Every structure is written in C-alpha cells, then in structure tokens.
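S.K.: Before I ask anything, here is the structure I am working with.
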Amino acid sequence: MRFRARLRDAMLLTTIMSSVAVPEAAMASPQDDEIRALRREMAEMRRDMLGEIGQLRARVARAEGNARTAHAHTPAAQDVRHAQARPQHQPWTGPLPTIGEPQGAGPHRLRSDADSRLAALEGSIASWEEFKAATKKDESVHIGGIRIGFPSGRPTISSDDGVYSFSVGLLAQEDIGGFMGAGPKAGEARGNFNNFTQNARRLRLYFTWRYKDWVANVTPDFGSSSVDGSVGLFEANLNYTGLRNTTLTAGYFQPRMEEESAERSGAFEFLERPTIVDLVRNLAGGVARFSVGGEHYEKRWLAAAYFTGQKFGDRSKDTTITDSQTGGVVRVAGRPYVSKDIDVHVGAGATSAFKVNENSKGRSYTFSDNVEIPLGETSLLTSGALTNVSQIWAAGPQLGFRWRRFLLKGEYYHIGVQRSHDAGASPLPSLGFDGWYVAANYTLFGKPRVYNSKIAAFTTPGVEYDFDPLHDHWGALELNGRWSVTDLDDVAGQGGTGINGNQQTVWQGGLNWYPNPHVKFMLDYDHFIVSRSKGVSGGVNVFGRTGNAVAGRIQAAF
C-alpha cells in the first residue's frame, strides 16, 4: 500500500507539472531568460519524477510478486493453482532499484561541495543525529534489520534505526624519493641521506564502534615517520557527541593546537608539517597521547582544551621511567570575516608539559627534527640534551587568508624551557626558542580549498567530476610553496659543554593532484639549510649542512 500511495502521488505531481507549469512557461517570450531557465528546471523535474515512477513500479511489481509466491505455497492456494492451471505473473528477481536521486557521483555526475572534498578520516566526530542523517542519505542495503552502506566511501554496518554501527576506514600513504647534494663536508660523517628510497608514512585502519552518541575509535598504524616495518597506535579513545557541536574525548588521542595539524594528515599541502609545528605539537600532544577533554565549534569560532599525559608506548621504550609526564593543550580559533571570495582565519594555540617524564637520567628533553621529508634521514636540527627540565611550554598565533583560489597562511610559536635548581648546584638558565612558517597555495583547477568550521582549518580542493580525460574531466590540481624557520640556539653550551643548539631553514615547492575524492598524488621539492651543532650524534653536522630532496606520495583514503 505504501508503494501504491507513493506511485499515485508521484503520477499526480507529474501530471500537474506537465499540464500546468510547462505550458504556462511556454507561453512566455522565448527571449525571457528567467522563463527559459524555469522551463529547463521543470523539464528536469519531470524527467526525475518519471524515473522515480519507473522505479516505484518495479518495486511494486517485486513486492506483489513475492506476496503471490508466498501465498502459492499454502495448501489451499496450491489446490486452486492446480485446479485453474492459469499462468502466474512472474515476480521481479532483479536488483532492488534505488528510490530518489543517487548520492555521490559517477564519472559524469556533478558532486556537491561536501562530497567533492577528500575523505576526512580524522575529522570531527559526527553526533548520533548527524550519523543517522548521513546514513539515510547514502545508498544502503537492508538485510534483516541491518543496514549496510558506504557513507563517504567508508564501509559501514548499522542497525536500521542507527543506534548501533561499526565502520572501517583506511589511510594509506607511500612515500618515494631521495636526496641530492646533501653530502658531508670534509671531517663530517655522511649520515643517512638516501639517493632513492621508500617509506610507508601512514598505513592506518580506522575501526569505529557507535552506540547512539557514544563512539569508540581504535586505529592501529602500520606506517612510520622515518623507517617503516613496525606497528604502532594512532588512537584508542571513547567519545561522547550528545552535546550540540561538541565532542568530549578520553583515551589515546591527538589533541590539536595548530591550524596545520587541524587540517588532518590526509589534507596536508606538503608531505610533512613545518618543523616548528612538529616540535610544539609533541610537547603535550601528538599522536596517541593520553588525553581527557573536548572541543566545541560554531559557524564562526572553535575552542578546545585537553589535559594530557604520556604517549602510548613511552614506558615500553624507556623502562626506567618512574614518573610520567602531565600537560595540557588549548586552542581557540575564529573566522572574523567570510564572504563568497574571502575567508579570514585567526587563532592561537598553547601547550605545556607541566612535568616531563622522569627516568634514570632525571627529567631531560631534546628537541630534534628532520628536514620535513619523511624518508628516514638523519635529523640535523637539535637543541642538544636539555637537563633538569622542570616545565616546557609553547604558544603562538595562527593566521589564514583565502581569496578565491589563493590561500595564504602562517603560524609562529615561541617555546619556553624552565629548569629546576638542584641544591648546591649552579642554576641552569631558562631557554627560549622560536619558529614560524608561511605557506601559499593556489588551486589551478577543481574547487579551491575552503574553510571547515567544524575543525577551524582549511580543507582540500574539491573534485567535481572523477578523472576522465575523454570527457575533459581532470580532477583537481594545486600548487604550493612554503618557507619555514626554526631556531633552537639560545645560550652557549645549552646542551652540555661545547654543545649548542642550531637553526634550520627549509624552502619547499610542490604539486598535489586529486583524480577523485579518495586518491591523491603529491610531488615535493625541498631545499634545506641547517647550521652546525655538535649535538647531532655521530659527527654528522659539525660544519653545517645544506641539500635538496625530491619526494612524492601516493595516497588512498576511504
């Protein structure tokens, strides 16, 4: 009866549209642009309704055929069938048609703005109401009270009412490249700078369980920021999304205080974050950090705060730890001006390790990072080993400006290191380090990067049509440039007798191509200049080092 009612309503609406709206539009002057546009729109609506009518008829035929088949197997029906021996209507056995406009996009279907963006596996967690709306919109198959579908390309099994669900996601990033002109000066060790090598940067499987507004995430990571071959953990946490536009989190998580990290790793403009961002995010945040806190967003602002502890695996890597780290992460971001062509982002982030891990050597900390290419190279930048550390903090502003297809953004952070004073020992000086980056991005074709208020960051370009050169569809392509500077040199001998910190400058350029919303190809050129420091082990950077690198990435996200 429900199918017949929908069929009747659809046919009635089509008849009205055909007999009233279209003739009236036809009476207008053919020179009237508005009337012609209305005529095209009404014709498209009529075609859509006719298609839906055909689908409804197919469903009605299938339902009636199944009912007759079931009735035919009763004893009384079998007697009537044999007595009358009349031909039976054959039930429909083909695939169940989809009612309504198919979601997503085939090779030649224009995507909505939301559907055109790269799959965001580490984006904000949907509330139960948002999850039900998404699964209702996307195509799915219903089997015995279970719904199986692929919202945003992510395999999802849920109960029909959406109360229970389980989904699996994937982020796979394979990096390929090498270094040129990075050889040592006379008297230096060579270090690890491969001419050509590969590294699985991220191989993450996202497992998500949901009961209404309670969401549990467990994500193992088979990749590595330097040398692949080991298995780690990206996250294992419990979240509550029952408060409007709010996510509360407890467990191993990645609290984000910078705009760059808020973009999520699948959406980066370059292979790696700028060095200063990598250093400050790992003070009290970073991947798989024990965290308790939450974030809340509105259309024009976002606020987040987390209390944090140790990282997953800290005590297995160093069995002498006797007192684990505690810290905190805070971020506030706003969108003071927005129009069709312009987006302005303003924010600030702060982080602090109230106390760092204490091990057999006391409380010490070493800042060190690579040259923003994740191929297992030797880290040339260092602060030296800082001893008697009582507290480390970092804070700074974040700015972003988009004008049409052009995006300009930057962040600056100051790092402060406080030292403890042992009785009878000479007091150690407090230290201050600085770093910043400026990045520019231009989308050559495809939809440009836009601002996502749920994460207070800019997202990937949009792919309106899948790559199909025969129909002049090329996906999306963006051009990027970045300049980053990190200075870890404050006072002489800060890392021990004769060991100073040093400074690193990196210039980068790159191209990113998105053939569809799930695949991304990246190509980066990197030129680095690093001043000397005896704090780099093995005598690799005694006189300073410069060099170049070319690296690419193949990425798939579902």
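Under mature numbering (1 follows the signal peptide of the UniProt record, and there is no 0), residues -21 to -1, 1 to 537 are what the sequence shown spells out, in order.
Heads up, the beta-carbon is just placed ideally off N, CA and C, and yes, glycines get one too.
As the structure is a computational prediction, the values presented were derived from the model and not from experiment.
1. For THR361, which residues in the same chain have their Cβ closer than 6 Å to its Cβ, ignoring the five residues on either side in sequence?
2. What does the alpha-carbon distance come out to for the pair ALA276 and ALA435?
3. What first and last residue would you give for the beta strand (DSSP E) that runs through SER331?
4. DSSP state of LYS296, grouped into three classes?
5. Quick one: residues in its chain with C-beta nearer than 8 Å to the C-beta of PRO74, no 5 flanking neighbours on either side, listed in chain order?
6. Leaving out five residues before and five after GLY488 in sequence, what residues of the same chain have Cβ atoms less than 6 Å from its Cβ?
7. Along the chain, where does the beta strand (DSSP E) containing ARG524 start, and where does it finish?
8. Just to confirm before moving on: does the CB-CB distance between LEU342 and VAL325 stay below 8 Å?
9. Hey, out of GLN482, PHE522, GLY526 and HIS497, whose CA is closest to ASP94's CA?
10. Residues in the same chain with beta-carbon distance under 6 Å from TRP492, minus the five sequence neighbours each way, listed in chain order, please.
11. Would you kindly report the start and end of the unbroken alpha helix (DSSP H) that includes VAL350?
12. Flag this pair as yes or no: are the beta carbons of THR330 and TRP382 separated by less than 8 Å?
13. ASN178 and LEU359 look like a contact to me (Cβ under 8 Å); what is the Cβ gap, rounded to whole Å?
14. For SER240 and VAL309, what's the separation of their Cα atoms in angstroms?
15. Using a 10 Å radius around the Cβ and a threshold of 16 neighbouring Cβ atoms, would you call THR72 buried or exposed?
16. Strictly by DSSP, which residues pair up with VAL142?
17. Which term fits MET159, buried or exposed, when burial requires 16 or more other beta carbons within 10 angstroms of its beta carbon?
18. The beta strand (DSSP E) that contains ARG181, what's its start and end?
19. Measuring only the C-alpha atoms, how far is TYR421 from LEU458?
20. Could you name the residues that DSSP lists as bridge partners for LYS426?
21. For VAL317, which of helix, strand or coil comes out of DSSP?
22. Tell me whether PHE385 sits in a helix, a strand or coil according to DSSP, three-state version.
23. For the alpha helix (DSSP H) containing ARG342, name the first residue and the last one.
24. Under the rule that 16 or more other beta-carbon atoms within 10 Å means buried, what is LYS340, buried or exposed?
25. Taking a contact to mean a Cβ-Cβ separation below 8 Å, would you say ASN336 touches GLN370 in this structure?
26. Out of LEU212, ARG133, PHE507 and LEU502, which one is the CA nearest neighbour of LEU97?
27. May I ask you to report which of helix, strand or coil DSSP gives PRO448?
28. Sorted by chain position, which residues of the same chain lie with C-beta nearer than 6 Å to ALA151's C-beta, five sequence neighbours on each side aside?
29. So, GLN473 versus VAL350, is the Cβ gap smaller than 8 Å?
30. So, ARG180 versus GLY202, is the Cβ gap smaller than 8 Å?
31. Checking 8 Å against the spacing of the C-beta atoms, do LEU227 and ASN216 come in under that value?
32. Which first and last residues belong to the beta strand (DSSP E) in which ARG90 is found?
33. Could you compute how far the alpha carbon of GLY265 sits from the alpha carbon of LEU222?
34. What's the C-alpha gap between VAL197 and THR187?
35. Go through its chain and collect everything with a Cβ distance to residue 540's Cβ below 7 Å, but skip five positions before and after it.
36. Between which two residues does the alpha helix (DSSP H) holding GLU238 run?
M.R.: To lay it out plainly:
1. As a first step, residue 361 must be located in the sequence shown, where it is residue number 382. Here the set comprises SER347, SER512, GLY514 and VAL515.
2. Against the sequence shown, residue 276 aligns to sequence position 297. Against the sequence shown, residue 435 aligns to sequence position 456. The displayed chain sequence assigns Tyr, not Ala, to residue 276. Distance between the alpha carbons of TYR276 and ALA435 is about 8 Å.
3. Along the sequence shown, read from residue 1 onward, the residue named residue 331 stands at position 352. That run of the beta strand (DSSP E) goes 321 to 334.
4. Position 317 of the sequence shown holds residue 296. In the structure shown, LYS296 sits in a helix (DSSP, three-state: H, G or I).
5. Here residue 74 is taken as the residue at index 95 of the sequence shown, counted from 1. For PRO74, the predicted model reports a pLDDT of 42, less than 50, meaning its position is unreliable and no value from the coordinates is stated.
6. Counting from 1 along the sequence shown, the entry for residue 488 is found at position 509. Scanning its chain for C-beta atoms nearer than 6 Å, with the 5 sequence neighbours on each side dropped, one finds around GLY488 the residues GLY460 and TYR504, in chain order.
7. As a position in the sequence shown, residue 524 is number 545, starting the count at 1. Counting along the chain, the beta strand (DSSP E) containing ARG524 begins and ends at 524 to 536.
8. Locating residue 342 in the sequence shown gives position 363, where the first residue counts as 1. Locating residue 325 in the sequence shown gives position 346, where the first residue counts as 1. According to the sequence as given, residue 342 is Arg; it is not Leu. Cβ distance not < 8 Å, so ARG342 and VAL325 don't count as in contact.
9. Sequence index remark: in the sequence shown, residue 94 carries index 115 (1-based). Among GLN482, PHE522, GLY526 and HIS497, the Cα nearest to that of ASP94 belongs to HIS497.
10. Working through the sequence shown from its first residue, we reach residue 492 at position 513. Closer than 6 Å at the Cβ level, and outside the excluded window around TRP492, lie LEU456 and PHE500.
11. In the sequence shown, counting from the first residue as 1, residue 350 sits at position 371. Run containing VAL350: none; DSSP gives neither H nor E here.
12. In the sequence shown, residue 330 corresponds to position 351, counting from 1. In the sequence shown, residue 382 corresponds to position 403, counting from 1. With contacts defined by Cβ atoms closer than 8 Å, THR330 and TRP382 do not form a contacting pair.
13. For the purposes of this step, residue 178 is taken as the residue at position 199 of the sequence shown. For the purposes of this step, residue 359 is taken as the residue at position 380 of the sequence shown. Between the beta-carbon of ASN178 and that of LEU359 there is about 18 Å, and that puts the pair past the 8 Å contact cut.
14. Residue numbering aside, residue 240 sits at position 261 when the sequence shown is read from its first letter. Residue numbering aside, residue 309 sits at position 330 when the sequence shown is read from its first letter. SER240 and VAL309 have their C-alpha atoms spaced approximately 13 Å apart.
15. Here residue 72 refers to the residue found at position 93 when the sequence shown is read from its first residue. In this prediction, THR72 has a pLDDT of 43, which is less than 50 and means its spatial position is unreliable; what the coordinates show is noted afterwards. Per the 10 Å Cβ criterion, exposed.
16. Taking the first residue of the sequence shown as position 1, residue 142 is located at position 163. Answer by DSSP bridge pairing: none, since VAL142 is not bridged.
17. Counting from 1 along the sequence shown, the entry for residue 159 is found at position 180. Of the other Cβ atoms in all chains shown, fewer than 16 fall within 10 Å of the Cβ of MET159; this residue is therefore exposed.
18. Working through the sequence shown from its first residue, we reach residue 181 at position 202. For ARG181, the enclosing beta strand (DSSP E) covers residues 176 to 190.
19. Here residue 421 refers to the residue found at position 442 of the sequence shown. Here residue 458 refers to the residue found at position 479 of the sequence shown. Separation of TYR421 and LEU458 (C-alpha to C-alpha, rounded to the nearest whole angstrom) is 5 Å.
20. For this step, residue 426 is matched to residue 447 along the sequence shown. Beta bridge pairing from DSSP links LYS426 with GLY441.
21. As a working mapping, residue 317 is identified with position 338 in the sequence shown. Here VAL317 sits in strand by DSSP.
22. Here residue 385 refers to the residue found at position 406 of the sequence shown. Strand.
23. Against the sequence shown, residue 342 aligns to sequence position 363. ARG342 -> no alpha helix (DSSP H), and no H or E assigned at all.
24. Locating residue 340 in the sequence shown gives position 361, counting from the first residue. LYS340 should be labelled exposed.
25. Locating residue 336 in the sequence shown gives position 357, where the first residue counts as 1. Locating residue 370 in the sequence shown gives position 391, where the first residue counts as 1. Note that the C-beta distance between ASN336 and GLN370 is not below 8 Å.
26. Within the sequence shown, numbered from 1, the residue matching residue 97 stands at position 118. Ranking LEU212, ARG133, PHE507 and LEU502 by Cα distance to LEU97 puts ARG133 first.
27. Position 469 of the sequence shown, counting from 1, holds the residue named residue 448. Correct three-state label for PRO448: helix.
28. To locate residue 151, count along the sequence shown from 1; it is residue 172. Closer than 6 Å at Cβ, skipping near neighbours: LEU182 and ALA535.
29. Locating residue 473 in the sequence shown gives position 494, where the first residue counts as 1. Locating residue 350 in the sequence shown gives position 371, where the first residue counts as 1. No; because the gap between Cβ atoms is not below 8 Å, this pair is not in contact.
30. To locate residue 180, count along the sequence shown from 1; it is residue 201. To locate residue 202, count along the sequence shown from 1; it is residue 223. Using a Cβ distance threshold of 8 Å, ARG180 and GLY202 count as a contacting pair.
31. Locating residue 227 in the sequence shown gives position 248, where the first residue counts as 1. Locating residue 216 in the sequence shown gives position 237, where the first residue counts as 1. Contact: no.
32. The residue you call residue 90 lines up with position 111 of the sequence shown. In the DSSP assignment, ARG90 falls outside any beta strand (DSSP E), carrying neither H nor E.
33. If you number the sequence shown from 1, residue 265 lands on position 286. If you number the sequence shown from 1, residue 222 lands on position 243. Just so you know, the alpha carbons of GLY265 and LEU222 end up roughly 26 Å apart.
34. Counted from its first residue, the sequence shown places residue 197 at position 218. Counted from its first residue, the sequence shown places residue 187 at position 208. The straight-line gap from Cα to Cα measures roughly 7 Å.
35. Examination of residue 540 is not possible in this model, given that the chain is present from -21 through 537 alone.
36. As a first step, residue 238 is located in the sequence shown; it is residue number 259 there, counting from the start. GLU238: member of the alpha helix (DSSP H) spanning 238 to 241, first to last residue.
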